[in-house]
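Below: the structure, in structure tokens.
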Amino acid sequence: MTDRRTLLLDRALDLVGTDGMRGLTHRAVDAAAGVPPGSTSNHFRTREALLAGLVGRFVERERASAEAALEAPVRDRRDLVAMFASFARAATGEERAATLARYALLVETAQRPELRDTLLGAGAQVNAWAADLLRAAGSRHPERDTDIVANFVTGLVLHELAMPDPGFDPAARLAALLDTFEWIPQEDR
Numbered sequence: 030m031t032d033r034r035t036l037l038l039d040r041a042l043d044l045v046g047t048d049g050m051r052g053l054t055h056r057a058v059d060a061a062a063g064v065p066p067g068s069t070s071n072h073f074r075t076r077e078a079l080l081a082g083l084v085g086r087f088v089e090r091e092r093a094s095a096e097a098a099l100e101a102p103v104r105d106r107r108d109l110v111a112m113f114a115s116f117a118r119a120a121t122g123e124e125r126a127a128t129l130a131r132y133a134l135l136v137e138t139a140q141r142p143e144l145r146d147t148l149l150g151a152g153a154q155v156n157a158w159a160a161d162l163l164r165a166a167g168s169r170h171p172e173r174d175t176d177i178v179a180n181f182v183t184g185l186v187l188h189e190l191a192m193p194d195p196g197f198d199p200a201a202r203l204a205a206l207l208d209t210f211e212w213i214p215q216e217d218r
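Position one of the sequence shown corresponds to residue 30 (this note's numbering), numbered consecutively onward.
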């Protein structure tokens, strides 16, 4: 069973994903969570405390999501394309609200630097995992390539969220990007 604090933060993330940061109020979280008025304020006295809790919970959920995605073995570029394309499709489809919350929180950290360290730590962990995947697939420069892929996927997803394309095909675009990288032949790994 989910504890009350986690329930409140999950509903707060849902609100940010559907209504943006302007929809994040203590009362709105109470209503979304179906708890008595004042419950959110009992756990998070100020908006700043609610935002800090929200960023922390977001990071927990992102880590769990990344760990699940990383369970599939990656042996080559095709596996990488499939994994990153699956992420992009989910981020713009069934995980759309969570993705919108992710971008809203990123913008918020630009305006509230005190929230940044939590996101930077989580981002560094995800980048390390991605570099390991690129290394396993044979990238000659996995750390550099991780930065390129991460920024490309971020932009690809953001663009699709803002201007949806019925023919959205992240796999073709990702394959074209990965084809520009230097790869170690499979027999040499």
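Note that the Cβ used here is the ideal one computed from N, Cα and C, for glycine as well. Quick caveat: nothing in here was measured; it's all calculated off a predicted structure.
An exposed status is given to Arg104, since fewer than 16 other beta-carbon atoms sit within 10 Å of its beta-carbon. As the crow flies, the alpha-carbon of Leu109 is around 37 Å from that of Ala61.
It is roughly 20 Å from the alpha-carbon of Leu129 to the alpha-carbon of Asp198. Ala191 counts as exposed, since fewer than 16 other C-beta atoms from the protein chains shown sit within 10 angstroms of its C-beta.
Residue pairing for Ser168: DSSP places it in a beta bridge opposite Trp212. For Leu53, the three-state secondary structure derived from DSSP is coil. In the structure shown, the three-state DSSP call for Met192 is coil. When the beta-carbon positions are compared, Pro171 and Ala160 come within less than 7 Å of each other.
Non-local C-beta neighbours of Thr35 in its own chain, meaning closer than 8 Å and more than five positions away in sequence, comprise Arg86, ordered along the chain. The C-beta distance from Gly52 to Leu44 rounds to 5 Å, short enough to fall under 8 Å. Under a 10 Å Cβ-count criterion, Val155 is classified as buried, with 16 or more other Cβ atoms of the shown protein chains found around its own Cβ.
In this structure Val58 touches Leu37 by the C-beta definition: roughly 6 Å separates them, less than 8 Å. A straight line joining the alpha-carbon of Asn71 with that of Met50 spans about 20 Å. A direct Cα-to-Cα measurement between Leu134 and Val84 gives close to 7 Å.
By the Cβ neighbour-count rule, Leu149 is exposed, with fewer than 16 other Cβ atoms within 10 Å of its own. If you compare the alpha carbons of Pro65, Glu189, Gly63 and Arg218 with that of Thr121, the shortest gap goes to Glu189.
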